[in-house]
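Protein chains in written order, with my numbering: chain X, 1 to 201; chain R, 1001 to 1100. Built from N, CA and C at the ideal position, the CB exists for glycine as well.
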């Protein structure tokens, strides 16, 4: 770890090691953008090939999609508030807002799994058609990221409980925060180019 | 570096309201207007890009820190790669075929 500490900066930026870790995570997010771009590309090609199976437009429940979107959007906001509280050195506020964020994230996952089950019962599984293969690959990858993010954030909250808010734990919270916002960015594109496009087409 | 510690988290609240407006605006344009498919996709696609930028600047503070410039270049390069991958894939894979 770098010994040089610059206390004028927010806690998570104070050591050179932390700055490098945060920069490294931004580069990882760049790679994640490319990963999701490949899945969007595949969906763009195959998303209308329903073979003889059900059509997405007939299955979409727009109200549920709006609920999922709002849950994830608000959770991105509460996550931002958590980081804001962290910078005010308010550990209790940080924990409270993180719990709210994860609750909203879990609510999103519940809605998404319910939606998948609804599709599967209607006869649209990952094996039904090229369109639903690419649909489940894209949305499943995003849902997996949300699941992973929840587990990751819980682990970091345990660390804060044990070690308090240090330069190390602050960096970890900041990085999971970036990850969480990124998941919302991906969802905006799923909302637009899968659901809205599917409902209009 | 901007180091906001007191007062109200203005940028976050502003970001939330704007993104909610754009989300429902896109939904309204897609579902409640009778514009052509191409026009709708152009509008809601633009709204999605603006919203992504909003998240990057209002919530993720992409330009903050000593590596702010590096982050911006990194994100612009990723965006470039993403656009090439998505549109390149669709272009190549649908070239000369009849879409149903």
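Please list the segments of the beta strand (DSSP E) lying wholly inside the segment 1027-1081 of chain R, counting only runs of 3 or more residues, in order along the chain. none
Just reading off the alpha helix (DSSP H) that residue 90 (chain X) is part of, what are its end residues? Neither: residue 90 (chain X) is in no alpha helix (DSSP H) and is coded neither H nor E.
7 Å CB neighbourhood of residue 97 (chain X) in its chain, flanking five on each side removed: 78, 81, 82 and 85
Bridge partners for residue 128 (chain X) per DSSP, in chain order? Its beta-bridge partners do not exist; DSSP assigns none.
Cβ of residue 197 (chain X) less than 9 Å from any chain C Cβ? Protein chains X and R are contained in the structure displayed, whereas chain C is not.
Rounded C-alpha distance that separates residue 39 (chain X) from residue 1042 (chain R): 20 Å
Give the secondary structure of residue 61 (chain X) by DSSP, where H, G and I count as helix, E and B as strand, and everything else as coil. coil
State buried or exposed for residue 1 (chain X), treating a residue as buried only when at least 16 other CB atoms are found within 10 Å of its CB. Caution is warranted here: a pLDDT of 47 is assigned to residue 1 (chain X), below 50, making its placement in the model unreliable, and the coordinate value is therefore given only provisionally. Counting Cβ neighbours within 10 Å, residue 1 (chain X) comes out exposed, since fewer than 16 surround it.
Give a single yes or no on whether residue 119 (chain X) has its beta carbon closer than 8 Å to a heavy atom of the ligand SAM. Although the ligand SAM was asked about, the structure shown includes no ligands whatsoever.
Local conformation of residue 15 (chain X) per DSSP, three classes: strand
Checking contacts by CB at 9 Å: is residue 1063 (chain R) closer than that to chain X? no
Evaluate residue 163 (chain X) with the Cβ neighbour count: other Cβ atoms within 10 Å of its Cβ, from every protein chain shown; 16 or more gives buried, anything less gives exposed. exposed
Neighbouring residues, chain X, relative to residue 1028 (chain R) (Cβ below 9 Å): The contacting residues do not exist; residue 1028 (chain R) stays about 10 Å from chain X at best.
Nearest candidate by alpha-carbon position, reference residue 154 (chain X), set X:33, X:7 and X:106: X:106
CB contact check: residue 26 (chain X) to chain R, cutoff 9 Å: yes
Is residue 1021 (chain R) buried or exposed, if buried means 16 or more other CB atoms sit within 10 Å of its CB? exposed
Cβ shell of residue 65 (chain X) (< 6 Å), same chain only, five flanking positions each side left out: 195
Does any residue of chain R have a CB that is nearer than 9 Å to the CB of residue 19 (chain X)? yes
Report the neighbours of residue 69 (chain X) on chain R: residues whose CB is nearer than 7 Å to its CB, in chain order. 1023
Does the beta carbon of residue 118 (chain X) come closer than 9 Å to any beta carbon on chain R? no
Looking at C-alpha atoms only, which residue of X:41, X:10, X:183 and X:42 is the closest neighbour of residue 1066 (chain R)? X:10
Mind checking residue 184 (chain X): buried by the 16 CB within 10 Å criterion, or exposed? buried
Please classify residue 157 (chain X) as buried or exposed, where buried requires at least 16 other C-beta atoms within 10 Å of its C-beta. buried
So is residue 1092 (chain R) buried or exposed if we call it buried at 16+ other beta carbons inside 10 Å? exposed
Could you pull the DSSP bridge partners for residue 5 (chain X) from this structure? X:15
Contact belief for residue 36 (chain X) with residue 186 (chain X) at Cβ below 8 Å, rounded distance in angstroms: 5 Å
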